[in-house]
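Take a look at the structure set out below.
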Amino acid sequence: MPEGDTVWRTAHRLDAALRGRVLTTAEFRVPAYAEVDLTGQRVVETVSRGKHLLTRLDQMTLHTHLKMEGSWHLYKVGSRWRSPGFQARVVLANDVWQAVGFRLGVVDLVPRDQEHTVVGHLGPDVLGPDWSPADVMRRLEARPDRPIGEALLDQRNLAGVGNLYKCEVCFVLGVHPLIPVRDVEVLPQLLDKVHRMLVANKDRAQQTTTGNVRRGEQNWVYARAGRPCLRCGTSIAEQTFATTDDLGRGVTPSDPPDPWAPGPTTGGGPRRRGAASAVGRPSQARRTYWCPTCQPAPD
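Numbered by this note's numbering, the letters in the sequence shown go through residues 1 to 299 in order.
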């Protein structure tokens, strides 16, 4: 799943192409919005909120989430798409650009004053103007027995951190991902570091947490199971743990997808969360990577 810095860049690109322009096409290829026509509305802006994207129009807000497989592409009007049309969920076009959302995990349309129904559950955005380490500390410490790795992934605590940054920041601070929040003595430094990591990468074409873009050395531990630690040479360990998905729902490896998880309401009562109904599933448990030497296991 894309991290907050990747989503920030996506928002920046969409904003540059759509901001201030009138939509000549607004096509929604999802059942709940198949008959909605926003042609003629002006795009006010596109911003990121953690891993969520908000495209604000004159009256409505388009809320999208990439989940695992989604992406937004920009094309000059008349250009051929790089992905097949049947994967398109949203098409927004003006007189110059087409923005096409492929395989989006979540698609919602809400009134501008109802954005809280889709992103109100999120904690402070690591890359947003509301970033507040003190607020995040308070949220984390409210559940002191929770493993720090799991707590960092819970978007209700802080929005924008995914599995990559969770693993990387824990390594850099020498914190085992299973240590309870209450036992993390460097919690303020950890939050400062993860913030600086995302800020450093938000404008980069290639993510790196080591400062090295050489293949296999961009990250300290993430996706490097069995390879030598770049600091001490110990083989990087890997294990799958239960997580909490982006909607705040705890999941384990054995959980089946819940296609009827509670979602926001838009005047018609509860409906399926995301993709206006059937393009996406809650995240399952994720692999965690760490160095057994640099990050000693809790007693």
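The C-beta atom is built at its ideal place from N, Cα and C for all residues, glycine as well. Bear in mind the structure is a predicted one, so any value in this text is a computation, not a measurement.
Whole-angstrom distance between residue j and residue i, CA atom to CA atom
i: Val-175; j: Lys-193; result: 13 Å
i: Val-96; j: Val-181; result: 50 Å
i: Gly-300; j: Ser-132; result: Limits of the chain in this structure are 1 at one end and 299 at the other, which puts residue 300 out of reach.
i: Val-43; j: Pro-129; result: 21 Å
i: Ile-236; j: Pro-292; result: 7 Å
i: Arg-227; j: Thr-234; result: 8 Å
i: Gln-87; j: Asp-183; result: 45 Å
i: Gln-59; j: Leu-38; result: 10 Å
i: Gln-74; j: Val-7; result: Checking the sequence, you will find Leu at residue 74 rather than Gln. So the two alpha carbons sit approximately 14 Å from each other.
i: Val-199; j: Arg-80; result: 33 Å
i: Val-172; j: Gly-70; result: 30 Å
i: Pro-298; j: Cys-170; result: 13 Å
i: Asp-15; j: Gly-101; result: 14 Å
i: Tyr-165; j: Met-68; result: 16 Å
i: Leu-191; j: Pro-144; result: 16 Å
i: Asp-203; j: Arg-103; result: 24 Å
i: Glu-45; j: Gln-206; result: 25 Å
i: Pro-124; j: Glu-168; result: 20 Å
i: Glu-185; j: His-12; result: 36 Å
i: Gly-216; j: Pro-84; result: 31 Å
i: Val-77; j: Val-36; result: 22 Å
i: Cys-294; j: Ala-32; result: 50 Å
Pair within 8 Å by beta-carbon distance, residue i and residue j
i: Tyr-289; j: Arg-224; result: yes
i: Arg-56; j: Arg-112; result: yes
i: Gln-155; j: Leu-122; result: yes
i: Thr-24; j: Trp-72; result: no
i: Arg-82; j: Val-30; result: no
6 Å Cβ shell around residue i - same chain, five flanking residues per side excluded
i: Glu-27; result: Val-91
i: Pro-147; result: Leu-178
i: Leu-140; result: Ala-151, Asn-157, Val-181
i: Met-1; result: Met-68, Gly-162
i: Glu-238; result: Ala-225, Arg-287, Tyr-289
Residues near residue i in its chain [Cβ-Cβ closer than 8 Å; skip 5 each side]
i: Thr-208; result: Asn-201, Gln-218, Asn-219
i: Arg-286; result: Leu-153, Asn-163, Thr-240, Phe-241, Thr-243
i: Arg-19; result: Val-43, Val-44, Glu-45, Thr-46
i: Gly-189; result: Reading the sequence as shown, one finds Gln at residue 189 and not Gly. Cβ within range, chain order: Leu-173.
Same chain, Cβ closer than 7 Å to residue i, five either side skipped, listed in chain order
i: Val-126; result: Gly-4, Leu-158, Ala-159, Gly-160, Val-161, Val-194, His-195, Leu-198
i: Tyr-222; result: Leu-164, Cys-167, Glu-168, Tyr-289
Next item on the list: Return the chain-ordered ranges of every alpha helix (DSSP H) run that is complete within the stretch 186–251 and spans a minimum of 4 residues.
Entry: The stretch 186–251 contains these whole alpha helix (DSSP H) runs: 187–201.
Note to self: Tell me whether the stretch 84–98 and the stretch 131–149 touch, counting them as touching only if at least three CB pairs, one residue from each stretch, are closer than 8 Å.
What the structure shows: no
Item checked: the stretch 110–121 / the stretch 196–214 touching (three or more Cβ pairs under 8 Å) -> no
Notebook entry, point to check: For the stretch 60–73 against the stretch 97–114, are there 3 or more C-beta pairs whose distance is under 8 Å?
Noted result: Three or more beta-carbon pairs drawn from the stretch 60–73 and the stretch 97–114 are found closer than 8 Å, and the two stretches are therefore classed as touching.
Item checked: Sufficient close CB pairs (3 or more, under 8 Å) joining the stretch 150–162 to the stretch 45–64 -> With three or more CB-CB distances shorter than 8 Å, the stretch 150–162 counts as touching the stretch 45–64.
Checklist line | Contained alpha helix (DSSP H) runs [length at least 4] in the stretch 15–61, N- to C-terminal order | finding: none
Next item on the list: Pick out the complete alpha helix (DSSP H) segments inside the stretch 107–136, 4 residues or longer, and give them in chain order.
Entry: 116–119
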